[in-house]
Amino acid sequence: MQSLDVISVNIWQMAASLANLVLLFLIVKKFLYKPVKNMLNERRSAIDNDYKDAADAKEKAVSDMKAYEEKLSGAADEASAILKGAVDVAKSREKEIIDGANEKARGIIKRAEADALLEKQKAREDIKREIVEVSTLLSEKMLGREISADDHRDLIDSFIEGIGNGDEAN
Numbered sequence: 030m031q032s033l034d035v036i037s038v039n040i041w042q043m044a045a046s047l048a049n050l051v052l053l054f055l056i057v058k059k060f061l062y063k064p065v066k067n068m069l070n071e072r073r074s075a076i077d078n079d080y081k082d083a084a085d086a087k088e089k090a091v092s093d094m095k096a097y098e099e100k101l102s103g104a105a106d107e108a109s110a111i112l113k114g115a116v117d118v119a120k121s122r123e124k125e126i127i128d129g130a131n132e133k134a135r136g137i138i139k140r141a142e143a144d145a146l147l148e149k150q151k152a153r154e155d156i157k158r159e160i161v162e163v164s165t166l167l168s169e170k171m172l173g174r175e176i177s178a179d180d181h182r183d184l185i186d187s188f189i190e191g192i193g194n195g196d197e198a199n
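In my numbering, the protein residues as written are 30 to 199.
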């Protein structure tokens, strides 16, 4: 048979290999594992901070959106109130304008009635004056002489009374 030298176990070699492995492990742990672990922890905390900042930003955005919606709702209410106020002012102004126009119309009608009454009185006075002139001329021609002032007044008064009574009957 063949010798078992190839398969034999060398304890010193195994101990040296194990010592090398432990030493290598400690070196890797000291110089590689801890810095890598610290770097990963820093990255994790940076990512957590980013998530926290994102959540805060989202929360702020939601609160800003709610505030904006409330302001928008308030602006709509304010616009409605302003519009209602403008309509009220317009209605008030409309009433003032109509009342003013009606007052002017009444004034114009009163002036027209007063002018008509004045013209009517002027026309009566003119007619009376012409009648007096005509009656004086007619009386002078009928009598063939000049009438005295007293006769003239008496004649005019009686004629005017006759005309006045005739107006009242009509």
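Every residue, glycine too, gets a C-beta built ideally from N, C-alpha and C.
Are the CB atoms of Ile-185 and Ser-164 nearer to each other than 8 Å? yes
Return the chain-ordered list of same chain residues with a C-beta closer than 6 Å to the C-beta of Phe-188, the five sequence neighbours on each side being excluded. Ser-164
Can you tell me where the alpha helix (DSSP H) holding Leu-47 begins and where it ends? 40-57
With DSSP collapsed to three states, give me the class of Ser-177. Judged by DSSP in its simplified three-state form, Ser-177 adopts coil rather than helix or strand.
Measuring alpha carbon to alpha carbon, tell me which of Met-171, Asp-179, Leu-166, Lys-157 ends up nearest Gly-191. Of the candidates Met-171, Asp-179, Leu-166, Lys-157, the one whose C-alpha sits nearest the C-alpha of Gly-191 is Lys-157.
Quick one: complete alpha helix (DSSP H) runs, 4+ long, within the segment 101-145? none
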